[in-house]
RNA sequence: GGGGGCGUAGCGAAGCUGGUUUAUCGCGCCGGCCUGUCAAGCCGGAGAUCGCGGGUUCAAGCCCCGUCGCUCCCGCCA
């Protein structure tokens, strides 16, 4: 039989040599008479006879009759490809992406990510959502909030989309009712943290006929539970390599929903508890990363869940299109998973007149948003949606320390290559 | 933008309060030995202007200042 792959490791014992050959399915052992003229990571084809051998790694080995080098690797590897990747700096890993992904543990991150994207899409299709692909070039940046990247576009300037928000709503109003999109989103923010990327994969959905953000939360619970189950069954090896587990469906189902103001109080109490009865913790005024960690600690202890939903955010913290609950609060929510925000969503304004009324409070002018407003001018059902940060979910499932590890070719303030 | 930490060979690290001429270890690399390895083992070798610039000192990888890079925390961030 013939075996093809990369030379993972070589052990020469004089009269006999063992070559560990790696392909997408794993690593197997090849036995060669005498010495071998091979370098690590060379691509080879081995013809030989398979043999069961209790002394072989895995119990089976291939006794080589001939080895053909299809592509010889230079011997000056920039880092040990077959070693423990947690001992290699992130910069080295990212600078040498093609090589670092040959490491099974690093490559397994993206097997998990593929499952996440697959199940997100297939679950939504099975629930009558239609997949869409919308433009990432937008003509104006009046949506507000985050920074936008400018792009030369013939004789004018356009921007990279920070989210498909307006298009999602457009498609709901178009009569499609339920849509989703998996696509990159761009944020021109000069942050430099382990949880931010300037380009990330946003898994978006939007649906008609909801009453409040609670409908969305219930849907996200089912969706996430489905993703976790699939990762557990399809990516058992990746989970074991990273020493990670996914939440079971029951724990996801009982994830608490905490109103924003309560979350701040609970976080303050949790901080006191963490400080072992120390000084009174100061109450935070908004959901910051520390509050996210504290509220998750609370959720894990009180509800046995790694997931917690925070809803009823103050209207002033949310964009203009967010549907109000009352004078100060909105029908919006965040999902916090293992201490990190992975989702923001909510119900949206769907009545033309109400949108026109709310714009001035956010310093916006109707004439700058005519395309968007026209979506509602001739009737739009009550609706809402949310987005899951694909890299962040991947990161938190596997317990990666930096979200950049969960991006094949991350783009941050300083990195635009490879 | 503010603050902390770290920059020593291709990679990962050690180097005690400044003091021994050849700056140490593991992986990888080069040469040799070895017929059952499992991160193979053993012997030998190459490879480092100790990020860069300046300063203090009889003496700096180690202390000080500046600078660049990386990293973490905060801020910013639908």
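Numbering (our numbering), first residue to last: 314 to 731.
Beta carbons: idealized from backbone N, C-alpha and C, even for Gly.
So if DSSP puts residue i in a beta bridge, which residue, or which two residues, is it bridged to?
i           : result
residue 314 : Looking at the DSSP assignment, residue 314 forms no beta bridge with any residue, so it has no partner.
residue 333 : 322, 342
residue 699 : 518, 658
residue 496 : 515
residue 635 : 661
residue 528 : For residue 528, which the question treats as bridged, DSSP gives no partner whatsoever.
Measuring straight from C-alpha to C-alpha, what distance separates residue i and residue j?
i           : j           : result
residue 421 : residue 547 : 11 Å
residue 328 : residue 320 : 19 Å
residue 499 : residue 567 : 33 Å
residue 398 : residue 483 : 44 Å
residue 618 : residue 697 : 25 Å
residue 655 : residue 367 : 47 Å
residue 663 : residue 469 : 31 Å
residue 488 : residue 441 : 13 Å
residue 720 : residue 513 : 8 Å
residue 450 : residue 403 : 31 Å
residue 707 : residue 348 : 42 Å
residue 639 : residue 437 : 31 Å
residue 573 : residue 600 : 8 Å
residue 683 : residue 496 : 25 Å
residue 315 : residue 359 : 5 Å
Assign residue i to one of three DSSP states: helix, strand, or coil.
i           : result
residue 642 : strand
residue 670 : helix
residue 727 : coil
residue 572 : strand
residue 541 : helix
residue 470 : strand
residue 650 : strand
residue 629 : helix
residue 441 : coil
residue 356 : strand
residue 582 : helix
residue 365 : strand
residue 465 : strand
residue 624 : strand
Report the option in the options whose CA atom is closest to the CA atom of residue i.
i           : options            : result
residue 401 : 384, 419, 349      : 419
residue 657 : 607, 630, 728, 324 : 630
residue 628 : 410, 622, 634, 642 : 642
residue 649 : 638, 611, 662      : 611
residue 412 : 394, 315, 496      : 394
residue 608 : 383, 575, 565      : 575
residue 294 : 417, 404, 331      : It is not possible to answer for residue 294, since the shown part of the chain is limited to 314 through 731.
residue 518 : 480, 356, 670      : 480
residue 439 : 724, 539, 503, 465 : 539
residue 516 : 427, 531, 465      : 427
residue 521 : 386, 383, 493, 509 : 493
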